Structure formats: C-alpha cells, structure tokens
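Structure first, then comments.
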Amino acid sequence: MAHITRRTLEASGRRRTAGPVSRAFALVAIVSGLALPSCTGASAQESTVQGRVRDEEGAAVRGATISLYRDGIRLHGDDTDRLG
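Residues 9 to 92 (my numbering) are what the sequence shown spells out, left to right.
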C-alpha cells in the first residue's frame with residue numbers, strides 16, 4: 009500500500025498542511041487507478057466459429073454433434089446439416 013506522509017504546502021503565500029482530506033483524496037486516486045485497468049478488460053466479446061465436418065474420403069458428415077466448451081463447461085452444441 010502507498011505511504012502518504014504529512015507535509016507542508018505553500019501556495020499563493022498561504023501555508024497549509026496536507027491533512028486527512030488530502031490523504032483520502034490520494035487514496036481514492038490510487039485505488040481508482042489500480043481498479044480502472046481491470047474494468048476495461050471485462051467488456052463483452054463476440055466470436056464466430058465456422059467449419060465443415062468431413063470423413064476420410066472428404067464427404068460431408070451429416071448429423072455430427074459439435075460442442076463448444078470453455079473451462080470444461082459446455083456452452084453451445086449443434087448438429088451438422090447435409091453440408092457437414
């Protein structure tokens with residue numbers, strides 16, 4: 009975790025000390041900066057899978073079951089048509 013120290017700031021002739029509000033703002037800024045990259049990676053994605061199922065002779069295989077898995081979980085399945 010970031011270490012924020014107490015320090016004296018001088019601006020336009022006035023002297024003030026960084027207090028709890030400045031520390032709270034800095035902490036929020038740091039946490040927001042760390043969390044932002046993880047939020048952008050969570051966007052939805054769309055993909056397409058295409059192909060044909062053929063036998064050893066190159067003929068289309070009708071009725072072959074095709075399944076799509078992610079992390080061992082079946083997401084989608086379908087059977088091939090007359091074109092394989």
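For each residue, glycine too, the CB sits at the ideal point set by N, CA and C. None of these values were measured; they are calculated from a predicted model.
Pairwise C-alpha distance: D89 and V61: Taking the sequence shown and counting its residues from 1, one reaches residue 61 at position 53. Taking the sequence shown and counting its residues from 1, one reaches residue 89 at position 81. For V61 and D89, the distance between alpha carbons rounds to 10 Å.
Which listed residue (L91, S55, A37, Q53) has its alpha carbon closest to that of G71: For the purposes of this step, residue 71 is taken as the residue at position 63 of the sequence shown. Closest by alpha carbon: L91.
For G80, the three-state DSSP class (helix, strand or coil): What you label residue 80 is simply residue 72 of the sequence shown in a count that begins at 1. Coil at G80, not helix or strand.
A34 - DSSP class collapsed to helix/strand/coil: Against the sequence shown, residue 34 aligns to sequence position 26. Three-state DSSP puts A34 in a helix.
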